[in-house]
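Residue numbers (the working numbering): 660 to 1394.
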Amino acid sequence: MLLILLSFFISISAQVANSIVPKPVSVEIQKGSFFINSETKIRVEPNEEMQSLGDLLASAINGKLGTKVFATSQMTRDIPKSLIQLEINKEIQQPEAYSISMKPNLIKISAGSGNGLFYGIQSLFQLFPLEVKGKSFSIQCINIKDEPRFGWRGVHLDVCRHFYPVEFVKKYIDVLAMYKMNTFHWHLTEDQGWRIEIKKYPKLTEIGSMRKETMKDGKPHGGFYTQEQIKEVVEYARQRYITVVPEIEMPGHSQAALAAYPEYSCTGGPFEVGTTWGVIEDVYCAGNDKTFDFLEDVLTEVMALFPSQIIHIGGDECPKTLWKVCEKCQARIKTLGLKDEHELQSYFIQRIEKFVNSKGKTIIGWDEILEGGLAPNAAVMSWRGINGGIAAAKAKHFAVMSPGTHCYFDHYQGLFNEPKAIGGYTTLEKVYSYEPVPEALNEEEAKYIMGAQANLWTEYIETTDYLEYMLLPRMLALSEVVWSPKTSHDLKDFLERMKFQYDYLLKNNYNFRIPAPTESGERFIKHTDKVGLASPIADSKIFYTTDNSEPTANSLLYKTPIVVKDQTIIKAKTFLKNGKASPTAQVVCTVLDSAKNGLAYKLYHGEWLSIPDFDVLEPVKTGKTFKVSLADVQPREDFYGILWEGKIKIEKEGEYTFYLASDDGSRLFINKKVVVDNDETHGLVEKSGKVTLEKGLLPIQILFFENGGGQALSLEFEGPGITRRAISASAFFVN
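Structural data, given as structure tokens:
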């Protein structure tokens, strides 16, 4: 009996230790438990910073227990039975490192600075029980030693496409702090809105902060932060050991500013604040010295508000069209002996950098600032894949890795029934798989990788609830990527710890994407199969249907795996106690003949700007997939092409519409004729084509290429008696 109890104790202890995200460097379970109650004392060193950290801890305990525990630097002769001690230990040299040691009467959190103590407190919070009954609770004694892998652990927020109030920005900062993220990248200016008060140029907010509508919805949208509000947010973040890095976009993404001050453009305007998404050709004039006077004035006020050593100046997606015909820009190119407009952009960035450096600060920009020559001291934020970061590091410039493939949280999180997003497909698991240091870098070059960052662009994110849904839980995966040692990354272990974290987020009043009970997609069966469903969230229930209707809390309650014998569509949702539900998981069970069904594919490697002639190229891999899916081919990260071919079964003669969405280019042939042409390099774009088809088996080809950055491909259709949907694998046949 004693052995059984001991085994149970060890199991529960391990569960407690393994709840922390991001995963600490080391955790050792100790004997005994530490009890927190009204008699608990918090002892701190006698200074303002330590008192604030002690007060933070006391507030959390009092919130749990309704007690009046307080932090003090006063020493007493009596040794408390329940003491939490915060101490600065100068032997801990890494500024964000900490250790926690526990005995039944003492918790000691040690660090070399307040940063480390704060992170130790965050780990301790995750060891508190979520529900407390009575006036005390216990923590299994453990020892922790921990430090971050990277110094830049960032999360970005675009407040320009949609504006969010100060109170929400603070809540956003809170969840960053909970998971030891230390950089808040605040995207404050855009084509669609200028969000920061600049006192010397009041029209930036009087005019530039408000657009008349969004994508033709007829509804005005706007807002901005006063300088006092900016200071308030910066101080709020500082208290949570988060650096706020402001972004002031230039030379592109500047139409809101030009709507207010058109004289700093190439044409003189007039302009209106952007009302649609995408890249706008009107940019700052690089040939006009007054443009630089204006931007230096703006940056002077910005730098006074933000203590951050680094200022983000954008630098991305700057069209050169107007520079090519602007007399002032062309005169600048000629006078300086520049080769082209790319070098003019480099001149622009370098001139701004020189000014920022003169104020004791440095710049960072999106990876386009590499084009035409990198400014001498600039850091690079690599978003179009990893090549920008590689180039910067090899040139001995610092880089923050933020590739769209893994770090763009405006991408879809699931394949079915998700809220509208800009495109892409970036799951929790995919974020967790990211490795910020590219293999192309040697040990010395790798030192220039500062860390990684999640970016949250908000074109389609109109509400704070939806914003949290897109951020969480993916941010937790990235927090572990950038904090924990590479050798400790373990997806299965992470997902196990997430079971606690979902409840932790709920308890802290955050919305998040509730995991669907299974992955959506087709499931191929021969005779009889079973479909299992599962939820990682405690006290949740799964409801499902098999009649193609949407699941509700009145649908079938899932208890055991669902037996499937023929063509069946299973739809399932996870429901929480508060009524919130996951996206619908849709499993299409399809009876297939493995010898006859499917499409043959050929995978090619190369760099192209449009679909190449695959017939003259040698494939690096061939095979068969049952559907048009990049995941089933398993290509490399970038620079490849795929050709699928076979036959499609048309059940009924008539007119069909095919929808082909891709990033980059794609093309669909049926009966050897082009039905949809979606070629060339571009982000996620969907095109469609109509065609009249006869009944029977018809030749089909799908061509696709990927040229770096994001990657996506999907094919859907509709026709006689068929509403728009993905083409079933049972409709594809090998030649």
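Glycine included, each C-beta is placed from N, C-alpha and C at the ideal position.
Answer with buried or exposed for residue i, where buried requires no fewer than 16 other C-beta atoms within 10 angstroms of its C-beta.
i               : result
glycine 1063    : buried
arginine 1043   : buried
isoleucine 1201 : buried
glutamine 1370  : buried
threonine 1382  : exposed
alanine 1054    : exposed
lysine 1311     : exposed
threonine 1284  : buried
glutamate 908   : buried
threonine 935   : exposed
methionine 1109 : buried
isoleucine 1022 : buried
glutamate 1222  : Strictly speaking, residue 1222 in this sequence is valine, with glutamate absent from that position. So valine 1222 ends up on the exposed side.
isoleucine 738  : exposed
asparagine 1237 : exposed
lysine 1106     : exposed
valine 703      : buried
leucine 995     : exposed
aspartate 876   : exposed
valine 1429     : The structure shown does not extend to residue 1429, since the chain is modelled only from 660 through 1394, so no value can be given for it.
aspartate 1152  : exposed
asparagine 1337 : buried
Considering only residues of the same chain and omitting the five flanking positions on each side of residue i, which have a CB-CB separation below 6 Å?
i              : result
lysine 804     : Val684, Ser685, Ser758
threonine 726  : Ser697
valine 818     : Arg854
glutamate 1377 : Thr1316, Arg1383
leucine 1019   : In the sequence on display, residue 1019 carries glycine and not leucine. Taken in chain order, the list of residues that qualify is empty.
leucine 662    : Only weak support exists for where leucine 662 lies, its pLDDT of 46 falling under 50; the value from the coordinates is given anyway. Contacts found: none.
valine 1334    : Phe1317, Leu1327, Gly1348, Val1350
glycine 881    : Ser868, Met869
glutamate 1012 : Ile1022, Ala1034, Ala1037
lysine 979     : Glu1000
serine 666     : Only weak support is given to the placement of serine 666: the predicted model assigns it a pLDDT of 46, under 50, and the value that follows is read from those uncertain coordinates. Cβ neighbours of serine 666 beyond the five flanking positions: none.
Below 9 Å between beta carbons: does that hold for residue i and residue j?
i                 : j               : result
histidine 912     : glutamate 849   : yes
glycine 946       : cysteine 925    : yes
isoleucine 1329   : leucine 1357    : yes
isoleucine 701    : threonine 731   : yes
valine 814        : leucine 1137    : yes
leucine 1374      : isoleucine 1309 : no
isoleucine 747    : glycine 779     : no
glycine 974       : glutamate 1027  : yes
phenylalanine 883 : tyrosine 920    : no
tryptophan 1303   : alanine 1111    : no
lysine 1306       : threonine 1281  : no
isoleucine 801    : glutamate 707   : no
threonine 1243    : lysine 1230     : yes
Given residue i, which residues of its chain have a CB within under 8 Å of its CB, disregarding the five upstream and five downstream residues?
i              : result
proline 905    : Trp845, Leu847, Ile855, Val961, Leu964, Phe965, Ser967, Ile970, His971
lysine 829     : Val892, Tyr895
glutamate 1277 : Tyr1263
leucine 664    : Confidence at leucine 664 is low in this model, with a pLDDT of 42, below 50, so the placement of that residue should be treated as unreliable; the coordinate-derived value is given next. Excluding residues within five positions, none has a Cβ falling inside 8 Å.
leucine 1150   : Glu1088, Tyr1091, Ser1092
isoleucine 751 : Tyr757, Ser758, Ser769, Ala770, Gly771, Gly775
Please return the same chain residues whose Cβ sits closer than 7 Å to the Cβ of residue i, not counting the five positions on each side in sequence.
i               : result
aspartate 1274  : none
glutamate 955   : Phe1014
asparagine 1256 : Phe1285, Ala1388, Ser1389, Phe1391, Phe1392
leucine 835     : Val814, Phe843, Ile901
proline 681     : Tyr838, Lys839, Ser1138, Glu1139, Trp1142, Ser1143
alanine 915     : Thr848, Glu849, Asp850, Gln851, Gly852, Trp853, Gly867, Val932, Gly933
isoleucine 992  : Leu1003
isoleucine 1045 : Met1060, Pro1062, Pro1097
threonine 1123  : Tyr823, Phe827
Throw me the rounded Cβ distance for the residue i and residue j pair, which I believe falls under 8 Å.
i                  : j                 : result
glycine 867        : valine 932        : 6 Å
threonine 1177     : valine 1279       : The pair is not a contact, with the Cβ atoms about 33 Å apart (cut-off 8 Å).
serine 797         : phenylalanine 729 : Contact doesn't hold; Cβ gap of about 21 Å is too wide.
tryptophan 982     : leucine 1003      : 6 Å
asparagine 1213    : isoleucine 1228   : Asparagine 1213 to isoleucine 1228, Cβ: 19 Å. No contact.
phenylalanine 1401 : glycine 1265      : Any answer about residue 1401 is impossible in this case: the structure gives the chain only from 660 up to 1394.
3-residue-minimum beta strand (DSSP E) runs that sit fully inside the stretch 1060 to 1115, ordered along the chain: Entirely contained in the stretch 1060 to 1115, the beta strand (DSSP E) runs reaching 3 residues are, in chain order, 1082 to 1084, 1108 to 1113.
Contiguous beta strand (DSSP E) assignments of at least 3 residues, all confined to the stretch 900 to 944: Taking 3 residues as the shortest admissible run, the stretch 900 to 944 contains the following complete beta strand (DSSP E) segments, listed from N- to C-terminal end: 902 to 909.
Contained alpha helix (DSSP H) runs [length at least 4] in the stretch 778 to 812, N- to C-terminal order: For the stretch 778 to 812, there is no continuous alpha helix (DSSP H) assignment of 4+ residues that stays within its boundaries.
Whole alpha helix (DSSP H) elements within the stretch 998 to 1039, 4-residue minimum: For secondary structure counted as the alpha helix (DSSP H) over 4 or more consecutive residues, the stretch 998 to 1039 holds these complete runs in sequence order: 1000 to 1017.
Which full runs of the alpha helix (DSSP H) of 4+ residues lie inside the stretch 1194 to 1276, going along the chain? List check, alpha helix (DSSP H) in window: nothing returned.
Please specify which runs of the beta strand (DSSP E), each continuous and at least 3 residues long, are wholly inside the stretch 698 to 723, giving them in chain order. Here the runs fully enclosed are 700 to 702.
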